[in-house]
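> If you're matching positions, the sequence shown starts at 398 in the working numbering and goes up one per residue.
By construction, the Cβ of each residue, glycine as well, lies at the ideal position given by its N, Cα and C atoms.
As the structure is a computational prediction, the values presented were derived from the model and not from experiment.
Below: one structure in structure tokens.
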Amino acid sequence: EAKTVGEQAVHADVEGMQTHQLFAEALLANKMVPRAVYELESAVLCPGRPQEKADAHAQLAETYLKVPNRQAASKHAALAKKLDPRNDRLKKLKL
Numbered sequence: 398e399a400k401t402v403g404e405q406a407v408h409a410d411v412e413g414m415q416t417h418q419l420f421a422e423a424l425l426a427n428k429m430v431p432r433a434v435y436e437l438e439s440a441v442l443c444p445g446r447p448q449e450k451a452d453a454h455a456q457l458a459e460t461y462l463k464v465p466n467r468q469a470a471s472k473h474a475a476l477a478k479k480l481d482p483r484n485d486r487l488k489k490l491k492l
């Protein structure tokens, strides 16, 4: 159900960073990793405060580790660290 609602939500809120992030979580729960990466790549392009953007980059890094694509994960972890070095999600990644 979250996947269906998420699909509709991103169409209604195209520039909503958190909407893309939440939809990506639903996709990950359904083992749809490539689609989750797409939604998170969209999320980092959305407007937001530095802390919000850092969290989106950290979530994307976390997701890239599941593919696995360590190079892309490291890139987004570095971007997250630049925006907010104290990000909790980033600390858990240990990249």
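#1: Just to confirm my understanding: we take N427, look at its own chain, exclude 5 residues before and 5 after, and list those with CB closer than 7 Å. What are they?
#2: Can you grab the Cα-Cα spacing for the pair C443 / P465, in whole Å?
#3: In the DSSP assignment, find the alpha helix (DSSP H) that holds G403 and state where it starts and stops.
#4: Of all the options Y461, D410 and Q415, which has the alpha carbon lying nearest to the alpha carbon of M429?
#5: Does the Cβ-Cβ distance between A440 and A477 come in under 9 Å?
Per the coordinate set shown:
#1: K400
#2: Distance between the alpha carbons of C443 and P465: 24 Å.
#3: A399 to A409
#4: Y461
#5: For A440 and A477, no; Cβs fall outside 9 Å.
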